[in-house]
Ligand SMILES: Cc1cc2nc3c(=O)[nH]c(=O)nc-3n(C[C@H](O)[C@H](O)[C@H](O)COP(=O)(O)O)c2cc1C
Ligand code: SF4
Ligand code: SF4
Ligand code: SF4
Ligand code: FES
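Residue numbers (the working numbering), protein chains in the order written: chain A, 1183 to 1909; chain B, 5 to 180.
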């Protein structure tokens, strides 16, 4: 252990602490505003400005505006958090300019939260204390079982009511770290954010007597170590969307200022790097990663430890490490959020990776469509260079390493490793045959490791808390958590990080809140253009790399598009096939031609011109593409078709033989007509019809001329009397 | 061999011409990377800079880049045409990128698109006759949680619905 390195790091951290406390002085009221592409699109920039004005005109120096990344609660953005000293933090949703004024005057200045605007309606329960009790379900902590129920029982026996305390069951997932593992149950008490560990009824009694009834926290029962999820729970633990999640890769998103190195250091950042450099044992790092069962989060799920090992044992001095931030799956935004919300953790993971494999140069390959993420990475790299965390002789260890950003240019295939390498080299991003694998011969012919953003973000935490802990969180074969981007027809769109092995039902129905407008959940699409649809009947499937593959889809990078009864599975398959046909690089015939032919067939099926043997043709072509395409794009492009054929064959058949779209989505197959007995002749449909094909006198039943109708569906939407029929 | 050290007058003149074609900061950038390993790998970065500056890639600019970076002109246009992000024709003052990613698609992006087409009378890849708006297809802007979305120049607009389109376009058209 090289003590000098750790000392250097400690002084850096102290320096950071000082810098941070100059910005946020103890005792200040903090106004947190989300700062990310999604938050800004929802209007965060304007409200930040509005708060700034309010603070300035209040003349108060103890009110600070604090930018944080996004928490991943997209549908309710912009989100604002108010942290008054000694009080529970309050979060507000969909804050508008007027909202800012009310929040500022009522809450920030006068301590009265604005009830109607509180996130998810989690209005202060009115109780003095709030207890977030870890259910211990994720880690199988048997010692925790039953303790929550016993606490509730005792509170009841003692007559301690809701005015004093509210108890909620949550999942912490990372409380049981280190030696104290499984020694009892854990709960967080707010305000004050005391983390308790209790093992017996006597402990519970003591907690009630001293803390709840006499306001004296029981120091002996309070745990001193800071589990990584704690910061997150302190802020967001009262919200059920969040407290069922296990924030590990997203540990800092929505909590720290993503542009501030001091804040990252303060959150425990770069401690892993310092320890790794001080230990000076690259093989040890790789062994730890292998033991953690971390698998690549970019889609393939290759064990990260093995990948690093392969590159490490290649001879030769020059090696490269690359972060794949191309995030091409349309409908996935985990990587963007992570880079915008916590870029330093990815940088730290990459430096550690560079050290482990013996690289001195690395690259971020980022989509050009993500300007804010690019800006945040640039800023992080500059800050690291300035403080000796990148560049020559990092922290005095003798290890030199630097990172560069390279931009993609809107080609999905560049997410594929060999295409990505060509793109960094300044070429057209076309894949090549593997082997040789990049870990043998990659960028400029040198051994190269490519990992996904989320993979890197996990590395520092694994080394901090140990492989054993990480492995325990996930399933048998894959350790840790996975971040999913929940979108489509789901109430709570956003980022959901859960242990691998969590069921679809928990993700979509419980955390995601099911489909909006009371519609029926039909299917979920995972893995984007390379994945497939899982029907709602399989909602109890535990999500893991292998279980998804067995269902005919893939884990992919984490995009989850929820679909309801109005979505047509043939149409979705067509959507993805169009995507793949557009994005095929054209290098090999099965993919270039196969995707076009499959698209043509799908187009005629959805146009009502499907032929008897089309299903067989799709299957034959799909299997051919799978077997003979050169790269992953072509090999997986048929998955959306094959998986929907597997689960929704009857929908294809209905299109082909009955000329009917069961979901009534395919325009060519639906017909609009007006029910004369329901039509009151309000003329709304006729006035809105772009084809002018609805006739009828006012107050008399109207009628549609089916010949001229372009099936835009507007009449159906505007009729308030349910008189327009669609079938 | 660095393109910045011509050996005769004729070469010098050709290089000066190429340099004069491009904005100074881009010339400086190329000169800087010349001194680093693998300068040709910066081709895509340079094209990004040009597109950011002019809004599109012009033949003359691409030729100048080829000349200064020392790569064949055919390769420059090969790269420029391969990547969807690069535009080879000028665009309107406001570029509307409608996201056609999966999340936006299932949330009705096609209806929004139809409305924009109807309002502006243009399709993907086209520009209105007054040069004010261009319409483009985007492949997911990473704000799927707020779908459907569209971007006008650098600004992302969330949860757009067909009936919000006219006012939105009006707002831009009214800007000086
Ligand atoms: C067509 C295609 C697109 C891909 N797109 C991405 C992407 O956007 N991001 C990503 O991390 N991996 C993507 N991958 C997977 C990568 O090739 C590679 O497996 C991954 O980056 C390795 O990192 P990991 O082991 O950390 O997952 C793609 C693969 C293919 C075939
Ligand atoms: S499978 Fe498709 S994307 Fe991959 S090399 Fe072949 S043509 Fe290109
Ligand atoms: S909108 Fe409905 S009620 Fe009114 S004229 Fe049309 S069909 Fe009849
Ligand atoms: S679907 Fe559209 S075109 Fe057809 S009748 Fe209704 S409004 Fe008119
Ligand atoms: S699918 Fe439209 S922003 Fe992602």
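Glycine included, every Cβ here is placed at the ideal spot set by N, Cα and C.
**Request:** Quick one: which unbroken alpha helix (DSSP H) runs of 4-plus residues sit fully inside the region 100 to 158 of chain B? Chain order, please.
**Result:** Counting only runs of 4 or more residues that sit fully inside the region 100 to 158 of chain B, the alpha helix (DSSP H) segments are 106 to 110 and 113 to 124, in chain order.
**Prompt:** Just to check, is the beta-carbon of residue 1812 (chain A) closer than 7 Å to a non-hydrogen atom of ligand 2?
**Reply:** By 1-based counting over the first chain, the position of residue 1812 (chain A) is 630. Within the cutoff, so yes.
**Prompt:** Ends of the beta strand (DSSP E) at residue 1312 (chain A)?
**Reply:** Sequence index remark: in the first chain, residue 1312 (chain A) carries index 130 (1-based). First-last of the beta strand (DSSP E) with residue 1312 (chain A): 1311 to 1316.
**Prompt:** Given residue 1896 (chain A), which residues of its chain have a CB within under 8 Å of its CB, disregarding the five upstream and five downstream residues?
**Reply:** As a first step, residue 1896 (chain A) is located in the first chain; it is residue number 714 there, counting from the start. Correct list, in chain order: 1867, 1870, 1871 and 1872.
**Prompt:** Could you check where the alpha helix (DSSP H) with residue 1898 (chain A) kicks off and where it finishes?
**Reply:** Here residue 1898 (chain A) refers to the residue found at position 716 when the first chain is read from its first residue. 1896 to 1900 is the span of the alpha helix (DSSP H), which, as asked, contains residue 1898 (chain A).
**Message:** Quick check on residue 1619 (chain A): does DSSP put it in helix, strand or coil?
**Reply:** Start at 1 with the first residue of the first chain, and residue 1619 (chain A) comes out as number 437. For residue 1619 (chain A), the secondary structure class from DSSP, reduced to helix, strand or coil, is coil.
**Message:** Suppose contacts are defined by Cβ-Cβ distances below 8 Å. Is residue 138 (chain B) in contact with residue 99 (chain B) by that definition?
**Reply:** The count along the second chain starts at 1 and reaches residue 138 (chain B) at position 134. The count along the second chain starts at 1 and reaches residue 99 (chain B) at position 95. In contact: residue 138 (chain B) and residue 99 (chain B) (Cβ atoms closer than 8 Å).
**Request:** Check each residue of the region 107 to 122 of chain B: if its Cβ is closer than 9 Å to any Cβ of chain A, include it; give the result in chain order.
**Result:** Answer in chain order: 107, 108, 109, 110, 111, 115, 118 and 122.
**Request:** Compare the C-beta of residue 162 (chain B) against all C-beta atoms of chain A and say whether one is closer than 8 Å.
**Result:** Within the second chain, the letter at position 158 stands for residue 162 (chain B). For residue 162 (chain B), the nearest beta carbon of chain A is closer than 8 Å to its own beta carbon.
**Request:** Could you tell me if residue 1615 (chain A) is buried or exposed, where buried requires 16 or more neighbouring beta carbons within 10 angstroms of its beta carbon?
**Result:** Here residue 1615 (chain A) corresponds to residue number 433 of the first chain, with the count starting at 1. Its Cβ having fewer than 16 others within 10 Å, residue 1615 (chain A) is exposed.
**Request:** Measure the alpha-carbon distance for residue 1858 (chain A) versus residue 1718 (chain A) and round it to whole angstroms.
**Result:** As a first step, residue 1858 (chain A) is located in the first chain; it is residue number 676 there, counting from the start. As a first step, residue 1718 (chain A) is located in the first chain; it is residue number 536 there, counting from the start. Separation of residue 1858 (chain A) and residue 1718 (chain A) (C-alpha to C-alpha, rounded to the nearest whole angstrom) is 37 Å.
**Request:** Tell me whether residue 1501 (chain A) is buried or exposed, calling it buried when 16 or more other Cβ atoms sit within 10 Å of its Cβ.
**Result:** Along the first chain, one-based indexing puts residue 1501 (chain A) at 319. Answer is buried; the Cβ neighbour count reaches 16.
**Asked** Is the CB-CB distance between residue 1432 (chain A) and residue 1815 (chain A) below 8 Å?
**Response** The residue labelled residue 1432 (chain A) in the question sits at position 250 within the first chain. The residue labelled residue 1815 (chain A) in the question sits at position 633 within the first chain. Taking 8 Å as the Cβ cut-off, residue 1432 (chain A) and residue 1815 (chain A) do not qualify as a contacting pair.
**Prompt:** So which residues of chain A does residue 140 (chain B) contact, with C-beta pairs closer than 9 Å?
**Reply:** Here the question's residue 140 (chain B) lines up with position 136 in the second chain. In chain order: nothing, as chain A lies at least about 10 Å away.
**Message:** At the level of alpha carbons, what is the spacing between residue 5 (chain B) and residue 1617 (chain A)?
**Reply:** Numbered from 1 along the second chain, position 1 holds the residue referred to as residue 5 (chain B). Numbered from 1 along the first chain, position 435 holds the residue referred to as residue 1617 (chain A). Confidence at residue 5 (chain B) is low in this model, with a pLDDT of 44, below 50, so the placement of that residue is unreliable and no value is reported for it.
**Proximity test, Cβ basis, 8 Å: residue 1671 (chain A) and chain B** = Taking the first chain and counting its residues from 1, the one referred to as residue 1671 (chain A) is at position 489. Under the Cβ criterion of 8 Å, residue 1671 (chain A) is counted among the residues facing chain B.
**Request:** With DSSP collapsed to three states, give me the class of residue 1552 (chain A).
**Result:** Taking the first chain and counting its residues from 1, the one referred to as residue 1552 (chain A) is at position 370. If DSSP states are grouped into helix, strand and coil, residue 1552 (chain A) belongs with coil.
**Request:** Return the residues of the region 41 to 74 of chain B that lie within a Cβ-Cβ distance of less than 8 Å from chain A, sorted by chain order.
**Result:** Closer than 8 Å at the C-beta level to chain A, one finds these residues of the region 41 to 74 of chain B: 42, 44, 45, 46, 47, 48, 49, 51 and 52.
**Request:** Just tell me which of A:1597, A:1204 and A:1587 has its CA closest to the CA of residue 87 (chain B).
**Result:** Within the second chain, the letter at position 83 stands for residue 87 (chain B). Answer by Cα proximity: A:1597.
**Request:** Using only the heavy atoms of ligand 3, determine whether one of them is closer than 7 Å to the beta carbon of residue 1871 (chain A).
**Result:** Position 689 of the first chain, counted from the start, is the residue given in the question as residue 1871 (chain A). Result no, Cβ not under 7 Å from ligand 3.
**Request:** May I ask you to check if the CB of residue 1769 (chain A) is nearer than 7 Å to at least one heavy atom of ligand 2?
**Result:** Stepping through the first chain from its first residue, residue 1769 (chain A) is reached at position 587. Relative to ligand 2, residue 1769 (chain A) has its C-beta within less than 7 Å of a heavy atom.
**Request:** Using a Cβ-Cβ cut-off of less than 9 Å, give me the residues of the region 1264 to 1279 of chain A that come near chain B, in sequence order.
**Result:** Going along the region 1264 to 1279 of chain A in chain order, one finds no residue with a Cβ nearer than 9 Å to chain B.
**Under 8 Å between C-beta atoms of residue 1173 (chain A) and residue 1352 (chain A)** = This structure cannot speak to residue 1173 (chain A), because chain A is shown only from 1183 to 1909.
**Item:** Straight-line Cα distance separating residue 109 (chain B) from residue 92 (chain B)
**Value:** Walking along the second chain from the start, residue 92 (chain B) turns up at place 88. Walking along the second chain from the start, residue 109 (chain B) turns up at place 105. So the two alpha carbons sit approximately 27 Å from each other.
**Message:** Between which two residues does the alpha helix (DSSP H) holding residue 73 (chain B) run?
**Reply:** Counted from its first residue, the second chain places residue 73 (chain B) at position 69. That run of the alpha helix (DSSP H) goes 63 to 73.
**Request:** Alpha carbon to alpha carbon, how far is residue 67 (chain B) from residue 21 (chain B)? Give it in angstroms, no decimals.
**Result:** Counting from one through the second chain, the residue named residue 21 (chain B) turns up at place 17. Counting from one through the second chain, the residue named residue 67 (chain B) turns up at place 63. As the crow flies, the alpha-carbon of residue 21 (chain B) is around 11 Å from that of residue 67 (chain B).
**Separation of residue 1274 (chain A) from residue 1263 (chain A), as counted between CA atoms** = Indexing the first chain from 1 puts residue 1263 (chain A) at position 81. Indexing the first chain from 1 puts residue 1274 (chain A) at position 92. So the alpha carbons of these two residues sit roughly 6 Å apart.
**Bounding residues of the alpha helix (DSSP H) (the contiguous stretch that carries residue 1745 (chain A))** = Counting from one through the first chain, the residue named residue 1745 (chain A) turns up at place 563. Here residue 1745 (chain A) belongs to no alpha helix (DSSP H); instead the beta strand (DSSP E) covers 1741 to 1746.
**Option nearest residue 58 (chain B) by Cα separation, candidates B:27, B:47 and B:46** = Your numbering for residue 58 (chain B) matches position 54 in the second chain. It is B:27.
**Prompt:** Residues of chain A with CB under 8 Å from residue 176 (chain B), in chain order?
**Reply:** For the purposes of this step, residue 176 (chain B) is taken as residue 172 along the second chain, with counting starting at 1. Those do not exist, as residue 176 (chain B) stays about 16 Å from chain A at its closest Cβ, beyond 8 Å.
**Message:** Just checking: is the beta-carbon of residue 89 (chain B) within a distance shorter than 8 Å of some beta-carbon in chain A?
**Reply:** The count along the second chain starts at 1 and reaches residue 89 (chain B) at position 85. It does; some Cβ of chain A falls within 8 Å.
**Request:** Say whether chain B places a C-beta atom closer than 8 Å to the C-beta of residue 1676 (chain A).
**Result:** Start at 1 with the first residue of the first chain, and residue 1676 (chain A) comes out as number 494. For residue 1676 (chain A), the answer is yes, since a Cβ of chain B falls inside 8 Å of its Cβ.
**Request:** Tell me, please, which residues DSSP counts as bridged to residue 1249 (chain A).
**Result:** Position 67 of the first chain, counted from the first residue, corresponds to residue 1249 (chain A). The secondary-structure analysis by DSSP pairs residue 1249 (chain A) across a beta bridge with A:1215.
**Asked** Counting pairs of Cβ atoms below 8 Å between the region 1705 to 1720 of chain A and the region 1546 to 1563 of chain A, do you hit three or more?
**Response** Under the Cβ criterion (8 Å, minimum of three pairs), the region 1705 to 1720 of chain A does not count as touching the region 1546 to 1563 of chain A.
**Reduced DSSP category for residue 1789 (chain A) - H, G, I as helix; E, B as strand; rest coil** = The count along the first chain starts at 1 and reaches residue 1789 (chain A) at position 607. Residue state, collapsed to three classes: coil.
**Prompt:** Going along chain B in order, which residues have a C-beta closer than 7 Å to the C-beta of residue 1749 (chain A)?
**Reply:** Locating residue 1749 (chain A) in the first chain gives position 567, counting from the first residue. Within chain B, the residues near residue 1749 (chain A) are 110.
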